[in-house]
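S.K.: First residue of the sequence shown? That's 1 in our numbering, and the numbers climb one at a time after it.
First the structure, which I've put down as structure tokens, then a few questions once you've had a look.
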Amino acid sequence: MQLSFLPKINRRATQRRVEEALKTARIYRQIGFVCREIEMTPAYEARYHGATNKTSDQVAEFATWNVDEEERVRRLTVRVERAVKRLPKRQRQIIEKRYLEDEDVFDYIVCTELGMSESTYGRQKAKAVY
1 MQLSFLPKIN
11 RRATQRRVEE
21 ALKTARIYRQ
31 IGFVCREIEM
41 TPAYEARYHG
51 ATNKTSDQVA
61 EFATWNVDEE
71 ERVRRLTVRV
81 ERAVKRLPKR
91 QRQIIEKRYL
101 EDEDVFDYIV
111 CTELGMSEST
121 YGRQKAKAVY
């Protein structure tokens, strides 16, 4: 009997996080980073509130967020691409066709394109994701 010291993983949470990372990488590869922009909406009514003694610079906050978030997404995309390249050929094909090439591709379509049975496809996809 072999002892395992690895904790059991929550398969649903793991799949959700992996698919979220793959979706982010696909969007970044296809259209690049989408920056936040400042919305200037005039208010025609006076806003009465007490002094908060806090200064805010909305332009600086958005600029900082854009730079930091773009770098985070770029790093995530690089990590995802490296991880996918390390997979065996069939698993790499499944992940690339299902998650990284086009939007809204269903499993049965990828399964048919790759000429795999549904059970083989399911096993290979599970190995790639987990």
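Even glycine gets a Cβ: it sits at the ideal position worked out from N, Cα and C.
#1: Is the beta carbon of Thr77 within less than 7 Å of some heavy atom of the ligand NAP?
#2: I need the straight-line Cα distance from Val80 to Ile38, nearest angstrom please.
#3: At what residue ranges does the stretch 91-129 contain a whole run of the alpha helix (DSSP H), taking only runs of 4 or more?
#4: By how many angstroms is the C-alpha of Thr24 removed from the C-alpha of Ile31?
#5: Could you check if Arg98 is buried or exposed, using at least 16 other CB atoms within 10 Å of its CB as the buried criterion?
#6: Determine the burial state of Gln124: buried for a count of at least 16 other Cβ atoms within 10 Å of its Cβ, exposed for fewer.
#7: Is the stretch 87-98 in contact with the stretch 111-127, if contact means three or more CB pairs nearer than 8 Å?
#8: In terms of residues, what are the limits of the alpha helix (DSSP H) holding Asp68?
#9: Which residue comes first and which comes last in the alpha helix (DSSP H) that contains Arg16?
#10: Helix, strand or coil for Lys131 per DSSP?
#11: Go through its chain and collect everything with a Cβ distance to Ile9's Cβ below 8 Å, but skip five positions before and after it.
#12: Could you tell me whether the Cβ atoms of Tyr28 and Val67 are closer together than 8 Å?
M.R.: By the coordinates alone:
#1: The ligand NAP is not part of this structure, which contains no ligands at all.
#2: Start at 1 with the first residue of the sequence shown, and residue 80 comes out as number 80. Start at 1 with the first residue of the sequence shown, and residue 38 comes out as number 38. Looking at the two C-alpha atoms, the distance is approximately 30 Å.
#3: 107-114, 118-129
#4: Residue 31 sits at position 31 when you count from the first residue of the sequence shown. Residue 24 sits at position 24 when you count from the first residue of the sequence shown. Those two C-alpha atoms are separated by around 11 Å.
#5: The residue labelled residue 98 in the question sits at position 98 within the sequence shown. Buried, because 16 or more other Cβ atoms sit within 10 Å of the Cβ of Arg98.
#6: Counting from one through the sequence shown, the residue named residue 124 turns up at place 124. That one is buried.
#7: yes
#8: As a working mapping, residue 68 is identified with position 68 in the sequence shown. Its alpha helix (DSSP H) spans residues 58-85.
#9: Numbered from its first residue, the sequence shown carries residue 16 at position 16. Where Arg16 is concerned, the enclosing alpha helix (DSSP H) stretches over 11-31.
#10: Here the chain covers residues 1 to 130 and nothing more, so residue 131 does not appear.
#11: For the purposes of this step, residue 9 is identified with residue 9 of the sequence shown, where counting begins at 1. Excluding residues within five positions, the ones whose Cβ falls inside 8 Å are Tyr130.
#12: Residue mapping note: residue 28 aligns to position 28 of the sequence shown, counting from 1. Residue mapping note: residue 67 aligns to position 67 of the sequence shown, counting from 1. No; because the gap between Cβ atoms is not below 8 Å, this pair is not in contact.
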